[in-house]
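Chains as they are written, first to last, in this note's numbering: chain A, 7 to 356; chain B, 7 to 356; chain C, 7 to 356; chain D, 7 to 356. See below for the structure under consideration.
Protein chains: 4
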Amino acid sequence: MRKVKVGIVGLGRLGRKHAENLAFRIPNCELLAVCSVIKEEAEQVQEEWGVKYAYTNYDDMIQNKELDAVLIASPSGFHCVQIEKALNANLHVFSEKPLGLYLEEALQVQEAVNKHKDKVFMVGFMRRYDKSYSYAKKQIEEGKIGDPVLIRCYGLDPTKAIDGFMTFAKNNYSGGLFLDMAIHDLDLARWYLNSEAKRVWAIGGSYGYPEIKELNDAETGAALVKFENDTMGIFVAGRNCAHGYHIETEIIGTKGTLRIGTTPEKNMVTVFDENGAIKECSDGFLERFEQAYLSEVEEFISCIRENRQPDVTVEDGVLSTALGYACKESFETGELVSVQSPYKVVPSSL
Amino acid sequence: MRKVKVGIVGLGRLGRKHAENLAFRIPNCELLAVCSVIKEEAEQVQEEWGVKYAYTNYDDMIQNKELDAVLIASPSGFHCVQIEKALNANLHVFSEKPLGLYLEEALQVQEAVNKHKDKVFMVGFMRRYDKSYSYAKKQIEEGKIGDPVLIRCYGLDPTKAIDGFMTFAKNNYSGGLFLDMAIHDLDLARWYLNSEAKRVWAIGGSYGYPEIKELNDAETGAALVKFENDTMGIFVAGRNCAHGYHIETEIIGTKGTLRIGTTPEKNMVTVFDENGAIKECSDGFLERFEQAYLSEVEEFISCIRENRQPDVTVEDGVLSTALGYACKESFETGELVSVQSPYKVVPSSL
Amino acid sequence: MRKVKVGIVGLGRLGRKHAENLAFRIPNCELLAVCSVIKEEAEQVQEEWGVKYAYTNYDDMIQNKELDAVLIASPSGFHCVQIEKALNANLHVFSEKPLGLYLEEALQVQEAVNKHKDKVFMVGFMRRYDKSYSYAKKQIEEGKIGDPVLIRCYGLDPTKAIDGFMTFAKNNYSGGLFLDMAIHDLDLARWYLNSEAKRVWAIGGSYGYPEIKELNDAETGAALVKFENDTMGIFVAGRNCAHGYHIETEIIGTKGTLRIGTTPEKNMVTVFDENGAIKECSDGFLERFEQAYLSEVEEFISCIRENRQPDVTVEDGVLSTALGYACKESFETGELVSVQSPYKVVPSSL
Amino acid sequence: MRKVKVGIVGLGRLGRKHAENLAFRIPNCELLAVCSVIKEEAEQVQEEWGVKYAYTNYDDMIQNKELDAVLIASPSGFHCVQIEKALNANLHVFSEKPLGLYLEEALQVQEAVNKHKDKVFMVGFMRRYDKSYSYAKKQIEEGKIGDPVLIRCYGLDPTKAIDGFMTFAKNNYSGGLFLDMAIHDLDLARWYLNSEAKRVWAIGGSYGYPEIKELNDAETGAALVKFENDTMGIFVAGRNCAHGYHIETEIIGTKGTLRIGTTPEKNMVTVFDENGAIKECSDGFLERFEQAYLSEVEEFISCIRENRQPDVTVEDGVLSTALGYACKESFETGELVSVQSPYKVVPSSL
């Protein structure tokens, strides 16, 4: 089979990384087109990496008949519409999380995906493709820790990224802490516990950065979730982690426990100096999940070539979003919230 | 000043350890009397360690005019009454946790303590005297992590102790998972966060040992607590920890984070074998807190000699118990519970 | 500039990995030809990855005028001759270590390289391109640990690879423990200490596998090296490491210490089970140095495109080999050995 | 049996710690007398801890007929004579290491000990009584790591102690780096490997503190030792460890490896801050070996009460000293040194 020809929309930090991977590091794939509303950005990437087409308009790009697939790395508010358009243009679609900023959008994506079952659709829950996370999944499936009982997830952005976030959040709707930061963890919990959330209580506040409270958002928050199979989930999300980008996941089972990234170490170096024995920590998501960002897109390309769907589905995107909204509601009302399955609530719209 | 003469009641595992410490390892202290309802036990300790008096009846022991103080290590159901009697007999009192099995008992102890302000009273929250826990407290007081935001506490008993627990729990009221196991953590949270609990949601279940459910108790549980100063507490308690006795505490602050015992390592040896690099884990509380059990009683003796009260007070016992009961109520009802301050609820009974 | 067209010789485990990287993961590079004496091997790779040419004869391959460069991953005994031929055919050359099985071969390679200064030549000391090792180098250059004083290097192959090694070693000259296993560490020591070796004492034996002694080789050995700038090197090499592939390097400086890979962890998962808290360990070099094997060849391709030479030079290959031979001689004689600089010994041949 | 009555000579840092342990923390023991050439020091301890006798003259103390035993914690130069005198006064003797500053002194002690076989004699190799070190010994004896192949020992004093050392060393003969710092490690190696040293090469220098070279000593040094059973020992000793007191020991066996103290962590707290995840390190020997200093003297008292000899013998002191002198000779001459068994070399002097 010939190479899969991909166009990418969005050339921000993560978009550029995806573009570079598509151009150089993914077997059997060609980066055919790039698209950015910032013309210089698109042209610079085109020239630097020898990309055939550059666009400033997404609708133009998806009309290109040479394309097999698009990778959507634009701002979250555009995901839903761009996914729908690409599917309608008969393209395979990889979209960064979230499916949209609102649950309704996620459901709209799902409807579109269901109409195009011949197309590969994948949402960028890259952690499932991180070699440590996938190793943990395998250990669980092999019964290494017995039955999972409780999952604890930390998703903490580094303090040094907080100014950038504030600037963004003052001008845009981010979805809030639980939807924006915790969404990956909510997906992981569903994946490892093999169950859906039933009830949630979420609390939080703005401890070091009170201005976040003015946005009706939390700087640091915690949620406790009861799942349908009576397992438990603990989620801590935050934007003010002094030591770096701290993504840690623990699954406690009846016969053992797994921890992933319990120290978010940057590399295999330990520094000993007058402070003690130091493991320096990850800077951010691009450093921590470099391999996962590559592997998820490899899987996307393989799915296209092998005419199959990835394990992570549009339903994973919808259900994680629904749980994120339940967390958000609980945080905002202060009360226990029952998680509404979107499939029961809006069946008629499907 | 002459040596402080102490009598001990209860010579079970922990009682024997306290007795040995009093006999040999605590400066300026003499183990004058031992008391156990099991006559052979009392006599054996008397003989082996050269203790002057041995009793089978607690009331007899506290009549001994040579005594300055008692250490109460009897079963939990006796604590309240024995504390009261000892104070009335004009003795300084060190009591193992809890103050009693019911909140009313804790308040009764408090009333007795308040009537005998000239006597030193101390409850056995030994973790505060563990050198790692006290080091963490000092770091926080020095501002090392800014303001505390969230505490996470794990209190997990080893799987291999579960048969012993089941035998005990079938015949006795243990208080349940949150009062029996989590009480130390609830005290630590109040100590580190410097605030009282406001609301709690607790969930749990019996995953590997369904027979615990028949006792209306949980094998493993989790609680999320909102404190009055808006800080957060996460508590995981359990009786089925495959790798040993896992006591871990983390305090996340606005400028840094502290973890205590993140791997509950037995000692400083790492074993490398075909399984990988292994840190063996603590067996149980006597191994993990050997130094703390000694240091807390040293502090008790010092308080008597120096005519001062310890930092851990009877109120700490009462308030931790009140929080424990709130967790228990939440677990049993499935609902969010507001923590009732015992001082507001029952003022007339005092 | 157009893509660099590369031919590879040798399609064993490491050769295949290099071929895959050249085919799919290295920017600006095309795997144009593969060569293996095993015809099926070459044809299978050709077909699977769509490689234009497949050869069973190295001389044929290097006559291909489309080629810009060769990557040599054949058995060690062929390196010297194949390097020389490729340079004479006006090709850029990347060769796996060692430059040859004998010091004379290394010097012969050096002579050839010096005759073709317009060609990029690189020897596969991949560890310098591992992100942890290169991070440590940067820390040292920035003065983080003051002046390096002592380096300690462990290079231990897993026990489970020993049967394969024995089969190989009974039929081939491996170079012996210090040349075969320790050569990467000897290069690292020279790199980090910025000095050449002066004297060495090496000892060792065959503790679990006495049959290695019959080959006049050591299963596990240790060498102490004094460098010209009075710094010290400790090298432990072995073929019987129960827990896996243990590559660890420590640099002690006047103001701090760096350790790389002090636990050779497989990934970021910690498993807690009845054995304790376990970090599983690396299986072997392909797992541990996956990123480094990719990065070194990326650097090779970049050097060709940018018309510059890599930091690791043919002299590094020669001098590390000379030190390896001194270790071997010391081990065989039991005595202290002065390291002979090949540049003083054989100047006339240059 | 009645309490063992002990007199102590030397009330420096370690002496005071021993005195405090004897006074308060060792079962079945009474601190009867203290002796220091500094009168105020002796009187202050006498008064503070209620000690019956205080002396400024050692000869006077050992005439006290109430004494059963002495603990010698005076400067190293006095050990030999004070041991001999105490044995001749019919007292049990615990002496801090070393037995003397010269090998001749160690042999003289041995002769005295052999003349008083009814007396308990113990040399303060406290590490054998550290719970991690003794656990490792037990693991080895149980075959956990197969046969020991190589031991690596780090004995590094903290940089912040170097000024104190320089002041001392300018006015006193310390024995030099290998005898003063490495002697504990040399004993451990003999204990774990169960063999005596055969040949040694030791190197070193003064990297951050050139003034140490003027004393003909090394600031940091390394020795490689071949043992009689062909096992290997690597010893790194130093006085300039930026991160603290680093005592680490590794035993590599044919089936596994043990590491003790691979990070010399101060306690169980991990600090996460902008530097990363930090384990603070031990300050010095009193902090690291607090438990061992207590346990070794407990064992001494138990030996007296139970009329038996400890596992660590005067021969351990002699043979470790002999190996230390071989290291020193190798360092000073730059050459390989054969370790002379004192039992073969100087039989006539015995």
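C-beta atoms are modelled at their ideal positions from N, C-alpha and C, and glycine is treated no differently.
Cβ-based neighbour list, residue i, same chain, cut-off 7 Å, excluding 5 preceding and 5 following
{"i": "glycine 182(C)", "result": "Asp223, Lys334"}
{"i": "lysine 306(C)", "result": "This sequence places phenylalanine at residue 306(C); lysine is not what is there. Phe100, Val126, Met128, Pro316."}
{"i": "leucine 107(B)", "result": "Ser82, Gly83, Tyr179, Gly181"}
{"i": "aspartate 193(A)", "result": "Phe131, Asp322, Ser326"}
Neighbour flag for residue i against chain C, beta carbons, 7 Å
{"i": "glycine 262(D)", "result": "yes"}
{"i": "leucine 232(D)", "result": "Residue identity check: residue 232(D) is lysine in the sequence provided, not leucine. For lysine 232(D), the answer is yes, since a Cβ of chain C falls inside 7 Å of its Cβ."}
{"i": "leucine 113(D)", "result": "no"}
{"i": "alanine 188(D)", "result": "no"}
{"i": "alanine 283(D)", "result": "no"}
Identified DSSP bridge partners for residue i
{"i": "valine 275(D)", "result": "Ile266(B)"}
{"i": "histidine 252(B)", "result": "Leu162(B)"}
{"i": "methionine 128(B)", "result": "Phe100(B)"}
{"i": "phenylalanine 401(D)", "result": "Not covered by the structure: residue 401(D). The range shown for chain D is 7 to 356."}
{"i": "glycine 210(B)", "result": "Gly227(B)"}
{"i": "methionine 238(C)", "result": "Leu156(C), Lys232(C)"}
{"i": "valine 43(A)", "result": "BP columns for valine 43(A) are empty, so no partner."}
{"i": "isoleucine 14(D)", "result": "Val40(D), Leu77(D)"}
{"i": "cysteine 86(C)", "result": "Answer is none; cysteine 86(C) lacks a bridge partner."}
{"i": "cysteine 35(A)", "result": "Val10(A)"}
Spatial neighbours of residue i in its chain, beta-carbon cut-off 6 Å, leaving aside the 5 residues before and after
{"i": "glutamate 90(A)", "result": "Ala118"}
{"i": "tryptophan 207(D)", "result": "Leu230, Ser336, Leu342"}
{"i": "leucine 156(A)", "result": "Met238, Ile258"}
For residue i, the three-state DSSP class (helix, strand or coil)
{"i": "threonine 62(A)", "result": "coil"}
{"i": "threonine 327(D)", "result": "helix"}
{"i": "threonine 226(B)", "result": "strand"}
{"i": "asparagine 120(A)", "result": "helix"}
{"i": "serine 6(A)", "result": "The shown model of chain A, from 7 to 356, leaves out residue 6(A), and the question about it has no answer."}
{"i": "glycine 259(C)", "result": "strand"}
{"i": "valine 57(D)", "result": "coil"}
{"i": "arginine 245(A)", "result": "strand"}
{"i": "leucine 194(C)", "result": "helix"}
{"i": "arginine 133(C)", "result": "helix"}
{"i": "isoleucine 284(A)", "result": "strand"}
{"i": "valine 76(D)", "result": "strand"}
{"i": "glycine 149(C)", "result": "coil"}
{"i": "phenylalanine 337(C)", "result": "helix"}
{"i": "alanine 25(A)", "result": "helix"}
Any C-beta of chain B under 7 Å from that of residue i
{"i": "valine 275(D)", "result": "yes"}
{"i": "tryptophan 207(A)", "result": "yes"}
Beta-carbon separation (whole angstroms), residue i vs residue j, contact threshold 8 Å
{"i": "isoleucine 257(D)", "j": "isoleucine 189(D)", "result": "Between isoleucine 189(D) and isoleucine 257(D) the Cβ distance is about 18 Å, and since that is not below 8 Å, they are no contact."}
{"i": "leucine 20(B)", "j": "alanine 92(B)", "result": "About 18 Å separates the two Cβ atoms, so there is no contact after all."}
{"i": "alanine 48(A)", "j": "leucine 37(A)", "result": "That pair is no contact at about 12 Å."}
{"i": "alanine 283(D)", "j": "isoleucine 240(C)", "result": "With 8 Å as the limit, alanine 283(D) and isoleucine 240(C) do not qualify as a contact, their Cβ atoms being about 27 Å apart."}
{"i": "alanine 243(D)", "j": "methionine 187(D)", "result": "4 Å"}
Below-7 Å beta-carbon distance, residue i vs any chain D residue
{"i": "lysine 237(B)", "result": "At residue 237(B) the sequence reads threonine, which differs from the lysine that was named. Threonine 237(B) does not count as touching chain D."}
{"i": "alanine 228(A)", "result": "no"}
{"i": "leucine 342(C)", "result": "yes"}
Own chain, CB closer than 8 Å to residue i, minus 5 neighbours either side, in chain order
{"i": "asparagine 235(A)", "result": "Leu199, Asn200, Ser201"}
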